[in-house]
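In order, the protein sequences belong to chains B and E. Going left to right, the first sequence walks through residues 1 to 106 as my numbering numbers them. Going left to right, the second sequence walks through residues 107 to 212 as my numbering numbers them.
Protein chains: 2
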Amino acid sequence: MSTARDPAPLDPVDHIAIAVPDVAAAVAWYTSNFRCDVRYQDDTWAFLAFENVKLALVVPAQHPPHLAFRRADAESFGPLKTHRDGTRSVYVRDPAGNSIEILAAD
Amino acid sequence: MSTARDPAPLDPVDHIAIAVPDVAAAVAWYTSNFRCDVRYQDDTWAFLAFENVKLALVVPAQHPPHLAFRRADAESFGPLKTHRDGTRSVYVRDPAGNSIEILAAD
């Protein structure tokens, strides 16, 4: 029996979204250079799964590049919007102006 | 006994580096809004650990924003440079021009 307590859990990063002008060319490059699974792909964005985090490749005119965290208390960052895939999130900006998405944990 | 084989392993993302003009302000914001550990901080960059991946906050004039993968065969992407902290890596660009760092697994 141990009396040591686990350290406080850290928040997980759900995905990173980076800008690419040509989604098909980017998917071809990432899948030929890295071991990843293509979870979704159309002309405006693609979603690649890596071992520990997902990478979104987005046409910036249609989807903002961003970093997404998953939180049980996402609502505390602002009103959540429900997306077509059923996920709920809110976008905020860090002090540098980077777009940060806070996804509900459910 | 199972005859099923594990799926092929996926590559891990080691860290994401995003641009911030003021490292101290960014660290204050991320640590007050999220559960993360500050692993390193100076005036030009900081390194925050989240549950599954690390986030570097970088002054872009001194460090390029990038996405870093860890690979056993990092040398296959180009000659590795040894950094002050002992890590070895090479930077490449994806077809969109995003900086991608390939870190040696050792």
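A virtual CB, placed ideally from N, CA and C, is assigned to each residue, including glycine. The model shown is predicted, which means the values in this text are computed figures rather than measured ones.
Q) Are the Cβ atoms of Val53 (chain B) and Asn158 (chain E) separated by less than 8 Å? A) The count along the first sequence starts at 1 and reaches residue 53 (chain B) at position 53. The count along the second sequence starts at 1 and reaches residue 158 (chain E) at position 52. In contact: Val53 (chain B) and Asn158 (chain E) (Cβ atoms closer than 8 Å).
**Q.** Residue environment, His83 (chain B), which counts as buried when at least 16 other CB atoms sit within 10 Å
**A.** Position 83 of the first sequence, counting from 1, holds the residue named residue 83 (chain B). An exposed status is given to His83 (chain B), since fewer than 16 other beta-carbon atoms sit within 10 Å of its beta-carbon.
(Q) Any C-beta of chain B within less than 7 Å: which residues of the segment 193-212 of chain E qualify? (A) Hits within the stretch, in order: Asp200, Pro201, Ala202 and Asn204.
Q) Hey, is Glu75 (chain B)'s beta-carbon within less than 8 Å of any beta-carbon in chain E? A) What you label residue 75 (chain B) is simply residue 75 of the first sequence in a count that begins at 1. For Glu75 (chain B), the answer is no, since every Cβ of chain E falls outside 8 Å of its Cβ.
(Q) If contacts are defined as beta-carbon pairs under 8 Å, then Pro21 (chain B) and Ala202 (chain E) qualify, I think. What distance do you get, rounded to the angstrom? (A) Translated into positions along the first sequence, residue 21 (chain B) becomes position 21. Translated into positions along the second sequence, residue 202 (chain E) becomes position 96. Indeed they touch by this definition, with Cβ atoms about 6 Å apart.
Q.
I'd like to confirm something about Trp29 (chain B): is its beta-carbon nearer than 7 Å to some heavy atom of the ligand NAD, or not?
A. Summarising the ligand content, the structure contains no ligands, and the ligand NAD is consequently not present.
**Q.** Contact list for Val164 (chain E) against chain B, beta-carbon separation under 9 Å
**A.** Taking the first residue of the second sequence as 1, we reach residue 164 (chain E) at position 58. Simply none; closest approach about 10 Å.
**Q.** CA nearest to the CA of Leu50 (chain E), picked from E:Ala180, E:Tyr197, E:Arg145 and E:Thr193
**A.** Only positions 107 to 212 of chain E appear in this structure, which leaves residue 50 (chain E) out of reach.
Q.
I want to verify the contact list: residues of chain E whose CB lies under 8 Å from the CB of Val13 (chain B), in sequence order.
A. Here residue 13 (chain B) refers to the residue found at position 13 of the first sequence. Simply Ile122, Phe156, Glu157, Asn158, Val159 and Leu161.
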